[in-house]
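Colleague: Okay, handing you the structure first.
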Amino acid sequence: MKILETNNLKKHYGTGENVVKALDGVNLQVENGSFVAIVGTSGSGKSTLLHMLGGLDRPTSGSVVVDGKDIFTLKEEELTIFRRRKIGFVFQNYNLVPVLNVYENIVLPIELDGNKIDSSYVNKIIKTLGLEQKLQNLPNNLSGGQQQRVAIARALAAKPAIILADEPTGNLDSKTSLDVIGLLKVTSKQFGQTIVMITHNEEIAQMADYIIHIEDGIIIRSK
Amino acid sequence: MLNVANKKIIRKLSFRSFRSNRTRNIVALIAIALTTILFTSIFTVAISMNYSWQQQTMRMVGGSAHGGFKYLTKEQVNELKDHPLIKEYGYSVMLAMPMESPFHKHHTEIRYGNDDGAKLFFSYPTTGRMPSEVKELATDTKVLDLLGVPHELGQKVTFTYPLGGKNITDTFTLCGFWETDETMLASQIWLSKDYVEEKLSSYDKEADKGWGSNIIGTWSLDVMFDNSSNIEKNLSIIAEDKGYNTLDNTAGNYLDTGVNWAYTSTHLNSADRMITLLALAMIVVLIVLTGYLIIYNIFQISISNDIRFYGLLKTIGTTYKQLKRLIRNQALMLSLLGIPVGLVIGFFIGNTLTKIIMSNMAVTSTYITFNPWIFIGSAVFSCITVLISTRKPGKMAASVSPMEAVRFVERSIVKQKTSRTKTGSKVYRMARGNLIRSRKKTTLVILSLSLSVVLLSAVYTFAKGFNMDKFLSKFVVSDFVVGHADYFKSYFRSEDQKVTESIISAIHEQEGITEEGRVYLYTDLASVLQTKKKFMEFYSDLPPEHLDSSIINKKDEDMVEMNLDVYGLDELPMKHLKLVKGSIDLEQMNQEHGIIQLLSEDDYGNLYMHESIYNIGDKVSIHYITDYDIDDKGNVTENNGFDIDYKVVATAMIPNNISMRRYGSLNFAITSDTMREDMEIISNNKNVFSTMNYMINVEPDKESNMESFIKDYTNNVEADINYESKSTYTKEFQSFQNMFLLIGGILSLIIGFIGIMNFINAELTSIMSRKRELAMLNSIGMTGKQIKRMLVIEGLFYGGNAIVISFFVSILVGFFLIRQMESMLWFFQYHFTVIPILGVLPIFILLGIIIPLSAYKATNKQSIVERLREAE
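Protein chains in written order, with our numbering: chain H, 1 to 223; chain V, 1001 to 1872.
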């Protein structure tokens, strides 16, 4: 079953001679439960693609279908709600809310949705990611790797259809990077999550089930 | 779409991010508190003044009840008092109104009344209690002083009162007293029910023909309703429900009612009320604007700085509505802290201002009111201001696109002209660029600063426009005017109120008098016959329904009687008449039996020409009536009268402060010699004219000596006599002027303070958010000195622009608004002035230097590397 699908996705910036084709017709399918890495050089369009997949930015043309729903047919407010229910984000700079502690950060998307917290599920995530001792800490008091683990926990907690990770190891040293990706992979398997990850690091990419190479806004090969 | 459960997390987020914004919170708190102070003090002044007037009127009327029934029997009181419309009631019965010494000096009433009755009369003991034993008594300190009784419970009080034609002397024990309120015209002596009822049981009402006998032994029921509207209607409903009527006083079931006019007369007439409300509305708008300029700016700046945070929240699924609520929650939390502080401080400032205003308005006591509407109104208006001010910043935070959040730089798109100067200072250009890059913020700060300067300048121009010469020339014709205290209250009517010969000779003996003269007034009845046409002409400014209907129905050429007053003037007052037509020559007037027709004028010096009904050379035959009877209805039966003929030699205006000080009758003046001669003929050994006032001019250096002599004499020797001097008016004028300066000054000061807060906040946040940029400049070789210079130029730019804008706006306001006051206030004259702006200039320059420097100093404690690193 396909959880994520793009059809001829294009994103152009500027007009006339200055037009920059960040994405120029991307067709992509991701199976439910798989771990996909998108690899490309800087400026290849991989970040733009991820923003489109997450509904953060609107495409010039084409569509993105998540869990059977064409997300750009949604209004802004509906899209925000769709995002917090169906998509989990993990960013390079973690993007934790500095004024909330670790636990509060993890359950924030659930609370924003006004849902009851499934504590056994959340506790399992916390345990898997080894964050039990840090729950009361504020993000600033954690190391980079710990912060990224909190971000992963937050992405998983809402039981989204798909997790989008944007250079999740960009700010981490190589040992921590491998640990974090390992955890990401393990948890996704354990909780049946689909993960789409952007990276420019081949070694990290190798850990994924599939690798998609993108250059100048189009997919050049995938395996 | 959204359910309620997520409100909790939004509250938590609001609260947490609220706590992390300390500097902003302090500034915003002060801003909100100041805005509330402005609202509260304005509302306190408005409501307290209205309340004080009402209280004062109530005390003059003698009670706070909405209304009441008079001349009742005890049975009728019991019958009426339980009517469902009545919320509260008090009753009392009158035993006597003693007039003999020592009560001749102060109107005193002896009654029995219940506690609520005493409270409604403002006459409830603050020490002790109301009488319960037969021979107990409660009264106020003024009565105790009159009777020479110390203010102590248990004292014996003995006095005499009249009842049924006899005098009764009795001794009572003081069981309660209270401080006299000087505004009250009458005092109460409360006695016990048993005593009063026993005395009244033997009282023969029919036999008593003494003063006030109609009220002795009758009961009054004073009532309070739910509110003060429809008092008259409610009273008649109660009466009708119990089988009485309040309209037909010939019917047997008639009840006399009274409405407390404190509740009606203090309500301004609709035109005045419109103007007052309009002025109040303008001030409220001004305050909202002031508050908006700063609170908006604070939130706009704070949200711009935190925009990444909001973008992040958006990315992980916080909706537009949730973000808006988050900002609103923070605004409300700030209000929750700031508004109460503002309410308390504002209330104190407001009450102080009220006292100052009231003392300028001949109101003797200010009554403080804790009217809840002051606080509700101020809190609501402050809250509205906060919500209006944070709406747009809230929208900005809420509609941030998650993508933009990552890249956001505070900037409005400005087309910048590329200019290259060979000599221009780079530092200056950088400073200018920095300001232009957040043009909106800069504009708001400048506007906020300008607002206070414009207001200050307007108030100053207004208060300084009060023209003392214009004011004095209206009121002062001589250095001193001496007269009976009643004369100055526009109440001169009889011989008793004359200026005594003793004070005149005492003053006459003083040194330095250059001129003196008397104004006499004929104090009995006098009239002339005139055609109805002339009569109507004279009273043409009165609405016809105010005139006697028997005259209205007459034909134009029918003769009617017109009442009149005749002045006798010495040379000095004669000199001060403003001649309109004819000529004034004392010799000639004495010879020809000449008379001057007097006109009055309005505040602007425009003569009421319709009062001129005689031509020069006309003959006037005045009918003096020296012996007459007046019946209940005011009809005069003449016993003895004289006709004396005069020739009109001039038409002139008499200055208000040597005239009778009242309007509405035909006025003539003759020389004092003529008056003495004529009165000799008609008086029949009766005094029919008296010295109404005595005016003197003194050598300039003797003025203060004379003032202290007259002041001392009228205070200690003849206390009934009063005086007015040039310096009385000068003082009155100055305190009036100072009142405006003070109130306007305080208002400008608070608004100015808000402006400066705005400035500080803008500078501080701009330097904070540019911390890294400044560190970068520092690292590539811009010296601390150069950076400081750049920042100071930015600071001066704010102050300089505020001054320039204020200057032009002040000119416009002065010319188009304040100058218009000339037609509304007769003693106002517009003068262009820039003094307030020049006064503010050094303050702004100083602030423009100090604020950026101290803000920079605060950030500069860390090393360059730390600062460079921190921003990530």
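Just so you know, even glycine gets a beta-carbon here, dropped at the ideal spot from N, CA and C.
Check the Cβ of H/Pro109 against every Cβ in chain V and list those closer than 8 Å, keeping chain order.
Modeller: Reading the first sequence from its first residue, position 109 is the one you call residue 109 of chain H. By Cβ distance, chain V contributes Ile1316 and Gly1317.
Colleague: Along chain H, which residues have their Cβ under 8 Å away from the Cβ of V/Met1333?
Modeller: For the purposes of this step, residue 1333 of chain V is taken as residue 333 along the second sequence, with counting starting at 1. Neighbours of V/Met1333 on chain H: none; closest Cβ ~14 Å, over 8 Å.
Colleague: DSSP three-state label for V/Val1284, please.
Modeller: For this step, residue 1284 of chain V is matched to residue 284 along the second sequence. Helix, per DSSP.
Colleague: Looking only at DSSP bridge pairs, what is H/Ser61 linked to?
Modeller: Taking the first sequence and counting its residues from 1, one reaches residue 61 of chain H at position 61. Paired residue(s): H/Lys10.
Colleague: For H/Asp70, I'd like the list of residues in its chain whose CB is within less than 8 Å of its CB, leaving aside the five on either flank, ordered along the chain.
Modeller: Your numbering for residue 70 of chain H matches position 70 in the first sequence. The answer, listed in chain order, is Ser63 and Val64.
Colleague: In whole angstroms, what is the alpha-carbon distance linking V/Tyr1520 and V/Ser1490?
Modeller: Numbered from its first residue, the second sequence carries residue 1520 of chain V at position 520. Numbered from its first residue, the second sequence carries residue 1490 of chain V at position 490. Each residue's alpha carbon lies about 15 Å from the other.
Colleague: In the DSSP assignment, find the alpha helix (DSSP H) that holds V/Asp1115 and state where it starts and stops.
Modeller: Locating residue 1115 of chain V in the second sequence gives position 115, counting from the first residue. Taken as a continuous stretch (DSSP letters only), the alpha helix (DSSP H) holding V/Asp1115 covers Asp1115 to Leu1120.
Colleague: Please report the straight-line C-alpha distance between V/Glu1516 and V/Ile1696, rounded to a whole angstrom.
Modeller: As a first step, residue 1516 of chain V must be located in the second sequence, where it is residue number 516. As a first step, residue 1696 of chain V must be located in the second sequence, where it is residue number 696. Spanning the two alpha carbons is a distance of roughly 4 Å.
Colleague: Should V/His1484 go down as buried or exposed, given a rule of 16 or more other Cβ atoms within 10 Å for buried?
Modeller: Start at 1 with the first residue of the second sequence, and residue 1484 of chain V comes out as number 484. Looking at its Cβ environment, which holds 16 or more other Cβ atoms inside 10 Å, V/His1484 is buried.
Colleague: Run through the stretch 1288-1340 of chain V for me and flag every whole alpha helix (DSSP H) of 4 or more residues, listed as ranges in chain order.
Modeller: Listed in chain order, they are 1307-1315.
Colleague: Alpha carbon to alpha carbon, how far is V/Arg1420 from V/Phe1797?
Modeller: Within the second sequence, the letter at position 420 stands for residue 1420 of chain V. Within the second sequence, the letter at position 797 stands for residue 1797 of chain V. Model confidence at V/Arg1420 stands at a pLDDT of 48, short of 50, so the residue's coordinates are unreliable and nothing is read from them.
Colleague: Over what stretch of residues does the alpha helix (DSSP H) that includes V/Leu1255 continue unbroken?
Modeller: Counting from 1 along the second sequence, the entry for residue 1255 of chain V is found at position 255. Segment: none, V/Leu1255 is in no alpha helix (DSSP H) and carries neither H nor E.
Colleague: Establish whether the CB of V/Leu1326 and some CB of chain H are separated by less than 8 Å.
Modeller: Position 326 of the second sequence, counted from the first residue, corresponds to residue 1326 of chain V. False, the Cβ-Cβ gap to chain H never drops below 8 Å.
Colleague: Does the distance from the C-beta atom of V/Pro1836 to that of V/Leu1286 stay below 8 Å?
Modeller: Locating residue 1836 of chain V in the second sequence gives position 836, where the first residue counts as 1. Locating residue 1286 of chain V in the second sequence gives position 286, where the first residue counts as 1. For V/Pro1836 and V/Leu1286, no; Cβs fall outside 8 Å.
Colleague: According to DSSP, is V/Met1224 part of a helix, a strand, or is it coil?
Modeller: As a working note, residue 1224 of chain V is residue 224 in the second sequence. Three-state DSSP puts V/Met1224 in a strand.
Colleague: On the three-pair Cβ rule with 8 Å, is the stretch 1121-1136 of chain V touching the stretch 1171-1185 of chain V?
Modeller: The stretch 1121-1136 of chain V is in contact with the stretch 1171-1185 of chain V.
Colleague: Name, going along the chain, the residues of the stretch 1020-1047 of chain V whose beta-carbon falls closer than 9 Å to a beta-carbon of chain H.
Modeller: Listed by position along the chain: Ser1020.
Colleague: Locate the beta strand (DSSP E) running through V/Gly1875, then write down its first and last residues.
Modeller: In this structure chain V extends from 1001 to 1872, so residue 1875 of chain V is not present and cannot be described.
Colleague: Return the bridge partner residues of V/Glu1136 from the DSSP annotation.
Modeller: The residue labelled residue 1136 of chain V in the question sits at position 136 within the second sequence. BP columns for V/Glu1136 point to V/Thr1173.
Colleague: Taking only beta-carbon positions, decide if V/Phe1408 is within less than 8 Å of chain H.
Modeller: Numbered from 1 along the second sequence, position 408 holds the residue referred to as residue 1408 of chain V. Per-residue confidence for V/Phe1408 stands at a pLDDT of 42, beneath the threshold of 50, marking its modelled position as unreliable; the derived number appears in the next sentence. No - not a single Cβ of chain H is within 8 Å of the one on V/Phe1408.
Colleague: In whole angstroms, give me the CA-to-CA distance for H/Gly144 and H/Leu138.
Modeller: Looking up residue 144 of chain H in the first sequence gives position 144. Looking up residue 138 of chain H in the first sequence gives position 138. For H/Gly144 and H/Leu138, the distance between alpha carbons rounds to 13 Å.
Colleague: Take V/Ile1503 and list the residues in its own chain whose beta-carbon comes closer than 7 Å to its own, dropping the five residues that flank it on each side.
Modeller: Numbered from its first residue, the second sequence carries residue 1503 of chain V at position 503. Closer than 7 Å at Cβ, skipping near neighbours: Val1482, Tyr1713, Glu1718 and Ile1721.
Colleague: Chain V beta carbons: is any one of them nearer than 8 Å to that of H/Glu167?
Modeller: Counting from 1 along the first sequence, the entry for residue 167 of chain H is found at position 167. Answer no: the Cβ-Cβ gap between H/Glu167 and chain V never drops below 8 Å.
Colleague: Checking 8 Å against the spacing of the C-beta atoms, do V/Val1698 and V/Gly1512 come in under that value?
Modeller: Locating residue 1698 of chain V in the second sequence gives position 698, where the first residue counts as 1. Locating residue 1512 of chain V in the second sequence gives position 512, where the first residue counts as 1. For V/Val1698 and V/Gly1512, yes; Cβs fall inside 8 Å.
Colleague: Taking only the alpha-carbon atoms, compute the straight-line gap between V/Ile1851 and V/Gly1784 and give it to the nearest angstrom.
Modeller: By one-based count along the second sequence, residue 1851 of chain V stands at place 851. By one-based count along the second sequence, residue 1784 of chain V stands at place 784. Cα-Cα distance, rounded: 16 Å.
Colleague: If you draw a straight line from the alpha carbon of V/Gln1416 to that of V/Lys1441, how long is it in whole angstroms?
Modeller: Position 416 of the second sequence holds residue 1416 of chain V. Position 441 of the second sequence holds residue 1441 of chain V. With a pLDDT of 45 at V/Gln1416, under the threshold of 50, the predicted position of this residue should be treated as unreliable, though the coordinate-derived value follows. Each residue's alpha carbon lies about 17 Å from the other.
Colleague: Please identify the residue among H/Ser61, H/Ser47, H/Ser42 and H/Ile38 whose C-alpha is closest to the C-alpha of H/Lys10.
Modeller: For the purposes of this step, residue 10 of chain H is identified with residue 10 of the first sequence, where counting begins at 1. Among H/Ser61, H/Ser47, H/Ser42 and H/Ile38, the Cα nearest to that of H/Lys10 belongs to H/Ser61.
Colleague: Can you grab the Cα-Cα spacing for the pair V/Ala1065 / V/Ile1596, in whole Å?
Modeller: If you number the second sequence from 1, residue 1065 of chain V lands on position 65. If you number the second sequence from 1, residue 1596 of chain V lands on position 596. Their backbone Cα atoms lie some 50 Å apart in a straight line.
Colleague: Answer with buried or exposed for V/Ala1251, where buried requires no fewer than 16 other C-beta atoms within 10 angstroms of its C-beta.
Modeller: Here residue 1251 of chain V is taken as the residue at index 251 of the second sequence, counted from 1. Exposed, since its Cβ has fewer than 16 Cβ neighbours within 10 Å.
Colleague: So, is the C-beta of V/Gln1330 closer than 8 Å to a C-beta in chain H?
Modeller: Counting from one through the second sequence, the residue named residue 1330 of chain V turns up at place 330. It does not; no Cβ of chain H falls within 8 Å.
Colleague: Since V/Gln1322 meets chain H, which of its residues come closer than 8 Å, beta carbon to beta carbon?
Modeller: Locating residue 1322 of chain V in the second sequence gives position 322, where the first residue counts as 1. Within 8 Å Cβ-Cβ: Leu112.
Colleague: Would you kindly work out how many angstroms separate the C-alpha atoms of V/Phe1827 and V/Glu1232, rounded to a whole number?
Modeller: Your numbering for residue 1827 of chain V matches position 827 in the second sequence. Your numbering for residue 1232 of chain V matches position 232 in the second sequence. Approximately 41 Å, taken between the alpha carbons.
Colleague: For V/Ala1096, write down the residues that DSSP places opposite it in a beta bridge.
Modeller: As a first step, residue 1096 of chain V is located in the second sequence; it is residue number 96 there, counting from the start. For V/Ala1096, which the question treats as bridged, DSSP gives the partners V/Ile1110.
Colleague: Taking the beta strand (DSSP E) that V/His1484 belongs to, which residues open and close that run?
Modeller: Here the question's residue 1484 of chain V lines up with position 484 in the second sequence. Its beta strand (DSSP E) spans residues Phe1480 to His1484.
Colleague: Going by CA-CA distance only, name the one from V/Ile1327, V/Ile1316 and V/Gly1062 that's closest to V/Trp1261.
Modeller: Position 261 of the second sequence, counted from the start, is the residue given in the question as residue 1261 of chain V. Measuring from the Cα of V/Trp1261, the nearest candidate turns out to be V/Gly1062.
Colleague: Whether or not the stretch 87-97 of chain H and the stretch 146-158 of chain H are in contact is what I'm after, with contact meaning three or more pairs of Cβ atoms, one per stretch, closer than 8 Å; do they touch?
Modeller: Judged by Cβ distances under 8 Å, the stretch 146-158 of chain H makes contact with the stretch 87-97 of chain H, as three or more pairs qualify.
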